[in-house]
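Each residue of the sequence shown is one higher than the one before, starting from 41 at the first, in my numbering. All C-beta atoms in this analysis are idealised placements derived from N, C-alpha and C, irrespective of residue type, glycine included. The model shown is predicted, which means the values in this text are computed figures rather than measured ones.
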Amino acid sequence: MFNIHLGKWITAGFGIVSLYFAFFHKRGHKKSVTRHGSIPGERCYDMYNPPSSDSCDEDFEPGPTCGVGTPYKIESTPRGLVYVFNYINFAPNEKLKVRRGAELDSQNIRETFSKMGYEVTIYEDLNQSVTEERLDEIATNPRLQQVDALILFFLSHGKDSNIFHTRDCIPKTTDSYSECEGIDIRTIRKKFNNASCPYMKNKPKILFTSYCRGGKVEKYEIDGNDFVRIYVPKDLVTINATTEGVAARREIHGGTTFIKTLCQVLEIHASDELRDIYMRLNDKVMQEKGPTACWEDSRFRKFYFIPRA
């Protein structure tokens, strides 16, 4: 008799619980959202309602997006083209000193990316006009049709939040950079959006920048830049060496902390997704008490330097 009553009570209990969940599920039901490649603090889009290509505006918030959609195809030989613009020596002046140790960045990038199957081209100490010519040549190079990725590095002294210096930049006064034009990273982004660079349409374009983004100085040689909200074209991501107001760190015998650490992470984790590499990069830099890197992207899908088998 006891077992019969117990069974009735259990059956009734399950019935009440089922009705409860059914009621509240109906009231608060929302379409489920899967977050791809999510990491703490990132901007994740609802995969069922992805943003339109023109959804980013001046209110764009920096931070990794979810990597909505399938990973970019990286199957070409070489896997992609890498261009390094490294400015080490500058026209004589009191403001822009030689970036001692920066030549090691070029070496580290060449060795690391060549091992991963990328073709690396290095430009050092170009003036502004030649830099702009080289960028135009790259953006319109038909060879881009034959590769699956484009990666650009810009290593220099920083002028302000968006501009870095070229070799011929000469400040006209001792207390201002206002007379020195430099290269604007926003202009570079426009050169490589899907409209201006059709050979790389819907293919990944990655920009790495390493120069100061502010005046907070650490006890190392620094690469003398301020963070703003920007519009970043589709399929393009920019990873900066520092966040707002922080100076990039460079060691005479090791090169910039950002590039050295990036290459160290890639040596071990080249087959990881780019967002995971970014997190590992920041973790390692923070362990060395270096500045935190900054990620800016819009609708950039999952990317693997070396695709997983």
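Between residue 179 and residue 196, the alpha-carbon positions lie close to 21 Å from each other. Distance from residue 190 to residue 240 at the Cβ level is roughly 5 Å; contact confirmed, criterion being Cβ atoms closer than 8 Å. Rounded to the nearest whole angstrom, the C-alpha separation of residue 234 and residue 276 is 9 Å. Judged by DSSP in its simplified three-state form, residue 115 adopts coil rather than helix or strand. Look at the beta carbons and you see the segment 161-177 touching the segment 127-135: at least three pairs across the two are nearer than 8 Å. Within the DSSP bridge table, the entry for residue 160 names 122 as partners.
One Cα belongs to residue 112, the other to residue 343, and the distance between them is close to 6 Å.
Listed in chain order, the non-local C-beta contacts of residue 309 below 8 Å within the same chain comprise 316, 317, 320, local neighbours out to five positions each way being set aside. The C-beta separation of residue 279 from residue 335 comes to about 6 Å, placing the pair in contact by the 8 Å criterion. For residue 280, the enclosing beta strand (DSSP E) stretches over residues 276-280. With a threshold of 16 other beta carbon atoms within 10 Å, residue 182 falls short and is exposed. DSSP, reduced to helix, strand and coil, places residue 334 within a strand of the structure shown.
Just so you know, the alpha carbons of residue 169 and residue 225 end up roughly 15 Å apart. The beta carbons of residue 118 and residue 187 sit about 6 Å from each other, so the pair counts as a contact at 8 Å.
The beta carbon of residue 150 lies closer than 6 Å to those of 160 in the same chain, with the five residues before and after it left out.
Here DSSP, grouped into helix, strand and coil, assigns residue 194 to strand. Taking every protein chain shown into account, the CB of residue 331 has 16 or more other CB atoms within 10 angstroms, so this residue is buried.
For residue 250, the enclosing beta strand (DSSP E) begins and ends at 245-250. The C-beta of residue 281 has 16 or more other C-beta atoms within 10 Å across all chains shown, which makes the residue buried. The secondary-structure analysis by DSSP pairs residue 313 across a beta bridge with 344. Residue state for residue 298 is assigned as helix, using DSSP reduced to three classes. Residue 116 and residue 135 have their C-alpha atoms spaced approximately 43 Å apart. Closest in C-alpha terms to residue 304, from the list 341, 153, 205, comes 153. Apart from the 5 residues on each side of it in sequence, residue 175 sits with its Cβ closer than 7 Å to the Cβ of 228, 231 in its chain, given in chain order. Comparing C-alpha distances from residue 337 to each of 199, 173, 314, 274 shows the shortest one belongs to 274.
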